[in-house]
Each structure stands twice: as structure tokens, then as C-alpha cells.
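In what follows, a structure is listed as C-alpha cells, so that the remarks can point back to it.
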Amino acid sequence: MTHTKIQEENRKFIKELFDSQLPKHVKMVELFARDGIQHERKILPTETKVFFINQFSECGFDTVEVTNFAHPRWMPQFRDAEEVLRGIKRKPGVKYKCYAMTKRAFERAVKAKDEGLPVDICAFTISTTDEHCMRNANRTVEQFLKEIPTFVELCQGAGITIDMAIASVFGCPITGNWPWEKTTKKAMWLIEKGLEMGIKKFTPCDTTGEANPKEVYEFYCELHDRFPDADCHLAHFHDTRGMGLANTLAAILGGAEIVEASLGGLGGQPTFFADGIVPAGTGTLYTFSDLTGNCSTEDTLVMLDEMGVDTGVNIDRVLGLGRLLEWVLERDLRPYSTKSGRVLKKPLKWALQTSPDQFPFISWEHIPPYKQQWWCWPRE
510 MTHTKIQEEN
520 RKFIKELFDS
530 QLPKHVKMVE
540 LFARDGIQHE
550 RKILPTETKV
560 FFINQFSECG
570 FDTVEVTNFA
580 HPRWMPQFRD
590 AEEVLRGIKR
600 KPGVKYKCYA
610 MTKRAFERAV
620 KAKDEGLPVD
630 ICAFTISTTD
640 EHCMRNANRT
650 VEQFLKEIPT
660 FVELCQGAGI
670 TIDMAIASVF
680 GCPITGNWPW
690 EKTTKKAMWL
700 IEKGLEMGIK
710 KFTPCDTTGE
720 ANPKEVYEFY
730 CELHDRFPDA
740 DCHLAHFHDT
750 RGMGLANTLA
760 AILGGAEIVE
770 ASLGGLGGQP
780 TFFADGIVPA
790 GTGTLYTFSD
800 LTGNCSTEDT
810 LVMLDEMGVD
820 TGVNIDRVLG
830 LGRLLEWVLE
840 RDLRPYSTKS
850 GRVLKKPLKW
860 ALQTSPDQFP
870 FISWEHIPPY
880 KQQWWCWPRE
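Residues in the sequence shown are numbered consecutively from 510, following the working numbering.
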């Protein structure tokens, strides 16, 4: 067979794959206010967190992560969890997601829900290996499994959807050379155990960027075959090794219907070894957030939009928020699209200016509590 003939057949196969497997729409989950900033060295003001969360609600995200009920000694970023929840302007149709890893944390989530605060989903993370689970949750997988029925009971009694997030699905960065088939098999087993316990929502995670597109596609195809009706077809990837977008696309082609990402590509993880050395980090436990960050919301949205996949999200507004985030954190962040913008299809009708008086057709407001910085977007 000639090289040209092979190319033609490959092109036909790839085109058929994209035409048949690329969906018209995916739902987006914004992780910034929880996963994104959980190990940021800068503690953001409560009103700044609330500002971004409310902006995400208006942007059209299906779900917005908002806080973590962890003990402030371990995660001081979330010492204001209930205050953040009280500041949220609930938008109909948007689900607000919190995190809890202990019975006490779930009890706080239930109390907040009983007070009428926006706690629609509460997630916890269990790992595929004991080593990772000990590092992340301070108990083995079997020890953790014994606690989960209590979490489920608390959430079901309060009308909260419980979400089992599964860490290190594509490999464990602590145990070393584990074959990915072993960790993905364990992830499938954990989903089965969760279903038996009454859990209906699952988040498989590429916790430290171990995945590659080939493995991702195979995993999500198998996930779809084994659990076609379960709420587990979700893409959550970290861009540690620059493969976040490629892995996200591979997951979508394999059947993922929901995509998680963080504004600014933020998100830190427990400290692991990089080339045999423990990297510098926030204290002694965590790496810098931008070393193991989530796939960026900005670049994910632009990629999907260019491929004709609708997300229902106002992309221009999100890109503006990404630029503001760099100002708030006082450093450059990963996303390319905040610097380059979208691929232009028509002339721009507006731009960020120095004075709100010049453009009355644009909405203007300050970024709390920073009175020296404006935020604007075109009125609908």
C-alpha cells in the first residue's frame, strides 16, 4: 500500500472519528474558587472570591466549585467557607459545589445547606493507591471506604448530591512505575463500590498530569462501555506535562460529557517527586500551584469553540476574568488565550478602556476590594 493511500485512509478514519464522536455540546465546571486556589500562597479576600464566583455564574457555567470545608489549619485559604457561601448570588440553573474530606466537614456542609446556603454538591477524594490516599487523605483506601456510608447518609438527608472524586486514575506519582492499567482498573472498582453505597456522581481525576491522550481515550471508551448510565463521564486533567488540552479532547472523543477546568490554569496538589527531588512549595506539603495546575478554562473554552463544540459559556467574559486574575495574583499565569485572545471572526466592537465615561454601553464595576481596578464587559 502506498504512503499516499495510507494517508487517505487515515484522514478518512480521523474525520469519521471526529464527526461521530465529537459532541455538539459539553457542560463546563469551573474549579477556580476551590481546586484552583486551595494551595495558593496568597490568601484571597473573601469578597474577591465571591466576585469571581458570581461572575462565573453569570458566564454560563453548569457548575461552579466554591469552597472547601477543610480545617483552616490545613487549608487556610478556606477559613471563610461559610462567609463565601453567604455572599454568593445564586443563579437559577447553576450548581454550586463544595468539598469535604471528613465527617466533621460534611456536617458543616449539611449545616450550611440547612441555613439555605448554596451547597448543591459536596465532593470528597479517594485515591487508587494507599500511598496516594495516605498523602492526600491520611488514611488507606480501605479505611476511607468504611467512612463513606456516613458521608452518603449525611448528604442524602440534607438533599445534597455527593460526588466521589477518584484521584491518580492514570498513575500514582508516589508508588512509581505502576502500570496505568492497574490504576484505571482500581478506578473502575471504586466506581462500582460507590454505586453500591448509593453514590450517583463520580469525578475521575488525572491528579498530577500522569495521563497521555492514548491512555485517556482507551479509559473513557471503557468507562462508557461499563457504566453507560452513570454520572461519571467527566474530564478532569492537570497540565503538569503540557498535555491537558490533548487529554481533555481525547476524553471527549471517548465519551466525556462534562469538562472541569480552572481559570488561570491554577490548582496545586500534595508534594510529589519531580526527577527524584521534592519541589519547593507552600510550606513542606504542597507544590507551587502553577506547577501542577488544572487544564485552563480559558484555553479549553477557546479550543472547544474553534472545534464547534458549544459550552454555553460567555468566552469573552471569561477571558477578561482571566486577565483580571493575573492582576489579582500579581503574576503571569499559564493560559495562552488570555494573552492572544480568540481567533477573530469579525472586528472587535469594544475594548477595556481607562474610563467608564467613554463607553456607556459597557457594564463597569470595581473588583472588590481593589478600588483601583476596573472590570467591564459588553451589555447583552
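Where is the CB? At the ideal position from N, CA and C, for every residue including glycine.
Does the distance from the C-beta atom of residue i to that of residue j stay below 9 Å?
{"i": "Gly-773", "j": "Glu-835", "result": "yes"}
{"i": "Asp-571", "j": "Lys-622", "result": "no"}
{"i": "Gln-547", "j": "Gly-718", "result": "no"}
{"i": "Ala-618", "j": "Ala-667", "result": "yes"}
{"i": "Thr-820", "j": "Cys-714", "result": "no"}
{"i": "Asp-808", "j": "Pro-844", "result": "yes"}
{"i": "Pro-722", "j": "Ala-755", "result": "yes"}
{"i": "Gly-545", "j": "Asn-803", "result": "yes"}
{"i": "Leu-743", "j": "Val-603", "result": "no"}
{"i": "Val-837", "j": "Thr-557", "result": "yes"}
{"i": "Gly-751", "j": "Ser-805", "result": "no"}
{"i": "Val-818", "j": "His-580", "result": "no"}
{"i": "Asp-672", "j": "Ile-708", "result": "yes"}
{"i": "Ile-683", "j": "Thr-638", "result": "yes"}
{"i": "Thr-801", "j": "His-745", "result": "no"}
{"i": "Cys-681", "j": "Cys-631", "result": "no"}
{"i": "Ser-636", "j": "Thr-749", "result": "no"}
With a cut-off of 8 Å on the beta carbons, I'd call residue i and residue j a contact; round off their distance for me.
{"i": "Pro-737", "j": "Met-706", "result": "Going by Cβ atoms, the distance from Pro-737 to Met-706 rounds to 20 Å, so no, they are not a contact pair."}
{"i": "Asp-629", "j": "Tyr-605", "result": "5 Å"}
{"i": "Phe-711", "j": "Thr-692", "result": "Phe-711 to Thr-692, Cβ: 15 Å. No contact."}
{"i": "Ile-876", "j": "Phe-560", "result": "6 Å"}
{"i": "Arg-543", "j": "Glu-574", "result": "4 Å"}
{"i": "Met-697", "j": "Ala-646", "result": "Wrong, their Cβ atoms sit about 20 Å apart, outside the cutoff."}
{"i": "Phe-660", "j": "Phe-615", "result": "5 Å"}
{"i": "Pro-585", "j": "Ile-552", "result": "6 Å"}
{"i": "Ala-739", "j": "Leu-699", "result": "Contact doesn't hold; Cβ gap of about 12 Å is too wide."}
{"i": "Ser-771", "j": "Val-811", "result": "Actually they do not touch by this definition, with Cβ atoms about 15 Å apart."}
{"i": "Pro-554", "j": "Ile-597", "result": "Going by Cβ atoms, the distance from Pro-554 to Ile-597 rounds to 15 Å, so no, they are not a contact pair."}
Considering only DSSP beta bridges, list what residue i is partnered with.
{"i": "Leu-743", "result": "Ile-767"}
{"i": "Pro-713", "result": "Ile-675"}
{"i": "Phe-728", "result": "Beta-bridge pairing links Phe-728 to no other residue."}
{"i": "Ser-636", "result": "Ala-676"}
{"i": "Asp-819", "result": "His-534"}
{"i": "Ile-896", "result": "With the chain covering 510 to 889 only, the question about residue 896 has no answer from this structure."}
{"i": "Cys-607", "result": "Thr-576, Cys-631"}
{"i": "Asn-803", "result": "His-747"}
{"i": "Glu-539", "result": "Val-573, Ala-770"}
{"i": "Thr-670", "result": "Ile-630"}
When burial is assigned at 16 or more other CB atoms within 10 Å of the CB, is residue i buried or exposed?
{"i": "Phe-541", "result": "buried"}
{"i": "Ser-849", "result": "exposed"}
{"i": "Asp-841", "result": "exposed"}
{"i": "Gly-790", "result": "Legend: pLDDT at Gly-790 = 40, less than 50; position of this residue unreliable, value from coordinates given subsequently. Per the 10 Å Cβ criterion, buried."}
{"i": "Ile-523", "result": "exposed"}
{"i": "His-641", "result": "buried"}
{"i": "Ser-566", "result": "buried"}
{"i": "Gln-516", "result": "exposed"}
{"i": "Gly-829", "result": "buried"}
{"i": "Arg-613", "result": "exposed"}
{"i": "Gln-564", "result": "buried"}
{"i": "Gln-530", "result": "exposed"}
{"i": "Pro-601", "result": "exposed"}
{"i": "Asp-528", "result": "exposed"}
{"i": "Lys-695", "result": "buried"}
{"i": "Glu-518", "result": "exposed"}
{"i": "Val-787", "result": "Reliability fails at Val-787, whose pLDDT of 47 lies under 50, so the model's placement of it is uncertain and the value that follows must be treated cautiously. Flag for Val-787 reads exposed."}
{"i": "Glu-690", "result": "exposed"}
{"i": "Glu-525", "result": "exposed"}
{"i": "Glu-724", "result": "buried"}
{"i": "Leu-853", "result": "exposed"}
{"i": "Ser-798", "result": "Summary for Ser-798: the model assigns pLDDT 47, below 50, so the residue's position carries little reliability, and this model does not support an answer."}
{"i": "Gly-792", "result": "With a pLDDT of only 36 at Gly-792, under 50, the local geometry of the prediction cannot be trusted, and no value is derived from it."}
{"i": "Glu-624", "result": "exposed"}
Using only the heavy atoms of the ligand FMN, determine whether one of them is closer than 8 Å to the beta carbon of residue i.
{"i": "Pro-688", "result": "Among the components of this structure there are no ligands whatsoever, and the ligand FMN is therefore not found."}
Taking three-plus beta-carbon pairs below 8 Å as touching, is the stretch 753-760 in contact with the stretch 721-740? yes
Report yes or no: do three or more beta-carbon pairs, one from the stretch 646-661 and one from the stretch 591-605, lie closer than 8 Å? no
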